[in-house]
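Worksheet: one structure, shown below.
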Amino acid sequence: MSGTEEKIILKKLREITKDKDHWSESIAYVGEKLDEKYSVEVRAKALWLLGEMGLNYPMQVNPYLEDIADYMDDNHPKLRERSLNALGRIGRADKNLILPYFDEFMTMGNDESDDVRLAFIWACENIATNAPELFCESLGIFYELLFDSGERVRMEAPEMFRVMGKRKSECVMPYLEKLEWISENDEHRVVRIHSAGAVRVTKRALEKSNKNS
1 MSGTEEKIIL KKLREITKDK DHWSESIAYV GEKLDEKYSV EVRAKALWLL GEMGLNYPMQ
61 VNPYLEDIAD YMDDNHPKLR ERSLNALGRI GRADKNLILP YFDEFMTMGN DESDDVRLAF
121 IWACENIATN APELFCESLG IFYELLFDSG ERVRMEAPEM FRVMGKRKSE CVMPYLEKLE
181 WISENDEHRV VRIHSAGAVR VTKRALEKSN KNS
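Numbering (the numbering used here), first residue to last: 1 to 213.
Below is the structure:
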């Protein structure tokens with residue numbers, strides 16, 4: 001693909017991104033851009049856009065889900081990152097669509113790329129918003145990510161506990177004491193703040209649950 005062709009396609013994808021009223025009609029065009037004949041930049045943009053489209057039209061994006069998930073194995077970290085972004089948004093809309101790929105998805109917190117690990121947390125937060133039950137047995141993964149080598153990964157990891165604490169507070173209970181310690185002692189200010197927020201949200205949800213029981 002020539003540089004001129006790539007610029008034309010990227011311009012078209014940017015136009016589609018802004019034209020949300022016609023997303024439903026543009027899904028096939030975007031889905032076709034996952035083909036390996038296109039550049040990394042084009043495929044990365046297509047993956048991101050399909051995720052956003054999938055949040056609104058999950059069933060229409062479903063035909064491209066296998067191709068989206070296949071990019072979790074790609075050699076290029078940007079494509080792995082965008083694959084996770086897309087799965088997170090689609091899974092937020094309909095968890096059942098991503099379940100066939102969920103086991104592999106949950107291994108991506110060990111990816112060598114900081115950006116991919118960050119995308120993994122963000123995607124999990126999206127899915128957990130409407131399907132927190134999928135993560136109750138996996139919160140240890142996010143606890144380990146609180147001590148990740150990547151600064152942005154560490155900053156985002158407590159947010160998963162906040163999302164879960166609001167929706168499945170009993171699942172976060174085993175981590176409350178640890179999160180409180182981190183909120184008071186971690187060397188990074190944002191990690192402390194986000195951990196404190198997760199503790200606060202979880203305790204509030206537990207109190208509400210106890211009052212209603």
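Idealized CB from N, CA, C, for every residue including glycine.
Asked                                                                                                                                  : Found
Extent of the continuous alpha helix (DSSP H) to which residue 164 belongs                                                             : 151-167
Burial state of residue 202 (16 or more Cβ within 10 Å)                                                                                : buried
Residues near residue 58 by beta carbon distance below 8 Å, same chain, minus five either side                                         : 90, 93, 94, 97
Through-space distance from residue 183 to residue 87, alpha-carbon basis                                                              : 30 Å
Inter-residue Cα distance where the pair is residue 110 and residue 55                                                                 : 26 Å
Contacts around residue 123, its chain only, beta-carbon distance under 7 Å, and the 5 residues preceding and following it disregarded : 84, 85, 87, 88
Whole-angstrom distance between residue 194 and residue 143, CA atom to CA atom                                                        : 13 Å
Pairwise C-alpha distance: residue 128 and residue 134                                                                                 : 7 Å
Alpha helix (DSSP H) segments (min. 4 residues) lying fully within the segment 70-153                                                  : 77-93, 95-98, 102-105, 114-130, 139-145
N- and C-terminal bounds of the alpha helix (DSSP H) containing residue 58                                                             : 58-61
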